[in-house]
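Enquirer:
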Amino acid sequence: MENLKALAYELRENVIDMIVEGKAGHIGGDMSVMEILTEIYFDQMNISPENMDDPDRDKFIMSKGHSVEAYYAVLAAKGFFDIKDVIATFSKFGSQFIGHPNNKLPGIEMNSGSLGHGLPVSVGMALAGKMDKKDYRVYTVMGDGEVAEGSVWEGAMAASHYKLDNLCAVVDRNRLQISGNTEDVMAHDDLCERWSSFGWNVINVADGNDIDQLKAAFDAAKEVKGKPTMVIANTVKGKGSSIMENKANWHHKVPNAEELAQIKKDLAERKEAALHG
Ligand SMILES: Cc1ncc(C[n+]2csc(CCOP(=O)(O)OP(=O)(O)O)c2C)c(N)n1
Ligand SMILES: [Mg+2]
């Protein structure tokens, strides 16, 4: 599907099916991150099942690993595995599609889910790329609750110290984490200033669920020399259905029959609007 806006809604439908079938899932963060992953995988990165052994291909780390359902949907759409297998087995005993990313699956570079580790590992990969004189880029996506982890800031320091302009990190700035509003749990509303004071080029994306705005940010990041780029993507947790949007209790939740009907209807309408808008 060439229309990435519509694709992001179709992938959300896959996520809902996974979560309902598997009776588990971090639904809110899956919904907020979908355009970020779609734009990175379908427009920015040089990566496919065919080129995984190419030392020059781009690399991606899903640091907010609890949003694995969104990650599975995107990887399946890229051809790494069959979405039917994911939906049928997600989170079930014996399934390879477990509740956090694991690197035994094709396309997945790093086990994640313990928050705060994706950026430091991405820094290592980007530094290795510089040392080996490779042209690949490294992308990673963190949650806005996740950036309270101390290891994130060690990675931030190292990335600017080593001038890693081949590294592009994203914060899925949905303003909610597991227990509520990020500003109540660990305030960081000056997120842009913090990252720029750590020596990063910072791009604030006003609507982080807008493919066009994300594209402009990632395209601009590629032109920046001597600094890593942080894309702060201002998203909506639960994006796609008003019953989930901006609601902390949808961080991890399985919709009941009534909620499911509403979510499916809303997603289908938004997909239709994206197709014809
Ligand atoms: C080190 C660590 N501490 C705690 C958790 C439990 N946990 C899972 S998701 C989550 C909230 C994350 O919030 P955020 O980063 O904002 O993610 P999003 O809103 O995108 O779902 C927490 C605390 C974890 N996975 N890892
Ligand atoms: Mg969050």
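Counting from 193, one number per residue, gives the positions in the sequence shown under the numbering used here. Yeah, the Cβ is synthetic: ideal placement off N, Cα and C, and Gly gets one too.
Measuring straight from C-alpha to C-alpha, what distance separates L229 and C360?
Expert: Cα to Cα, the separation comes out at about 13 Å.
Enquirer: Are three or more beta carbon pairs between the region 430-443 and the region 374-393 nearer than 8 Å?
Expert: Because the criterion of three Cβ pairs below 8 Å is not met, the region 430-443 and the region 374-393 do not touch.
Enquirer: Taking the alpha-carbon of M226 as reference, which of E301, N366, W392 and G342 has the nearest alpha-carbon?
Expert: The residue with the shortest Cα to Cα distance from M226 is N366.
Enquirer: Please give me, in chain order, every unbroken run of the beta strand (DSSP E) with length at least 3 that falls completely inside the region 308-352.
Expert: Runs of the beta strand (DSSP E) inside the region 308-352: 330-335.
Enquirer: Assign M244 to buried or exposed, taking buried as 16 or more other Cβ atoms, counted over all protein chains shown, within 10 Å of its Cβ.
Expert: M244 comes out exposed.
Enquirer: In terms of alpha-carbon separation, which member of F252, W442, I208 and F234 lies closest to L406?
Expert: The candidate whose alpha carbon is nearest that of L406 is F234.
Enquirer: Applying the 10 Å Cβ sphere with the 16-neighbour rule, what's the burial state of K251?
Expert: The residue in question, K251, is buried, as its Cβ has 16 or more Cβ neighbours within 10 Å.
Enquirer: Does the beta carbon of E213 sit closer than 8 Å to a beta carbon anywhere in chain B?
Expert: Looking for chain B here will not work: only one protein chain is present.
Enquirer: Just to confirm, is the Cβ distance from P447 to V212 under 8 Å?
Expert: Contact flag set, yes.
Enquirer: Specify whether the region 420-430 and the region 388-396 touch according to this definition: at least 3 beta carbon pairs, one from each stretch, less than 8 Å apart.
Expert: Result yes; three or more Cβ-Cβ pairs closer than 8 Å.
Enquirer: Would you say A379 and G400 are within 8 Å of each other, going by their C-beta atoms?
Expert: The answer is no: Cβ separation not under 8 Å.
Enquirer: Shortest alpha-carbon distance to G140 belongs to which of V363, G271, V315 and H292?
Expert: As displayed, the chain neither begins before 193 nor continues past 469, which places residue 140 out of reach and without an answer.
Enquirer: Examine ligand 2 and report whether any of its heavy atoms sits within less than 7 Å of the Cβ of E368.
Expert: This sequence places Leu at residue 368; Glu is not what is there. Because some heavy atom of ligand 2 lies under 7 Å away, the Cβ of L368 counts as near it: yes.
Enquirer: Quick one: is the Cβ of K429 within less than 7 Å of any heavy atom of ligand 2?
Expert: K429 Cβ: within cutoff of ligand 2.
Enquirer: Quick test of your reading: G221 and K429, contact by CB under 8 Å. State the CB separation rounded to the nearest angstrom.
Expert: That pair is a contact at about 7 Å.
Enquirer: Sorted by chain position, which residues of the same chain lie with C-beta nearer than 6 Å to E415's C-beta, five sequence neighbours on each side aside?
Expert: If we look at E415 and ignore the five residues flanking it on each side, it has no Cβ neighbours.
Enquirer: Roughly how many whole angstroms lie between the Cα atoms of H353 and T332?
Expert: Those two C-alpha atoms are separated by around 18 Å.
Enquirer: Is it buried or exposed for K431, if we count other Cβ within 10 angstroms and need 16 for buried?
Expert: By the 10 Å Cβ count, K431 comes out buried.
Enquirer: How about E231 and I403: are their beta carbons less than 8 Å apart?
Expert: Cβ atoms of E231 and I403: closer than 8 Å.
Enquirer: With DSSP as the reference, label M422 as helix, strand or coil.
Expert: Strand at M422.
Enquirer: Which residue from G316, S314 and G308 puts its Cα closest to that of G342?
Expert: The shortest C-alpha separation from G342 is found at G308.
Enquirer: By the DSSP assignment, the alpha helix (DSSP H) with F410 in it spans what residues?
Expert: Run containing F410: I403 to E415, per the alpha helix (DSSP H) assignment.
Enquirer: Just to confirm my understanding: we take K326, look at its own chain, exclude 5 residues before and 5 after, and list those with CB closer than 7 Å. What are they?
Expert: So the list reads P247 and D248, once near-sequence residues are dropped.
Enquirer: Would M349 and V330 be called neighbours here (beta carbons separated by less than 8 Å)?
Expert: No, they are not a contact pair.
Enquirer: Under three-state DSSP, which class holds V394?
Expert: In this structure, V394 counts as strand in the three-state DSSP scheme.
Enquirer: Return yes when the Cβ of Y263 is within less than 8 Å of the Cβ of F289, no when it is not.
Expert: The answer is no: Cβ separation not under 8 Å.
Enquirer: Is G221 close to ligand 2? I mean its beta-carbon at under 7 Å from any heavy atom of the ligand.
Expert: Under cutoff, so the answer is yes.
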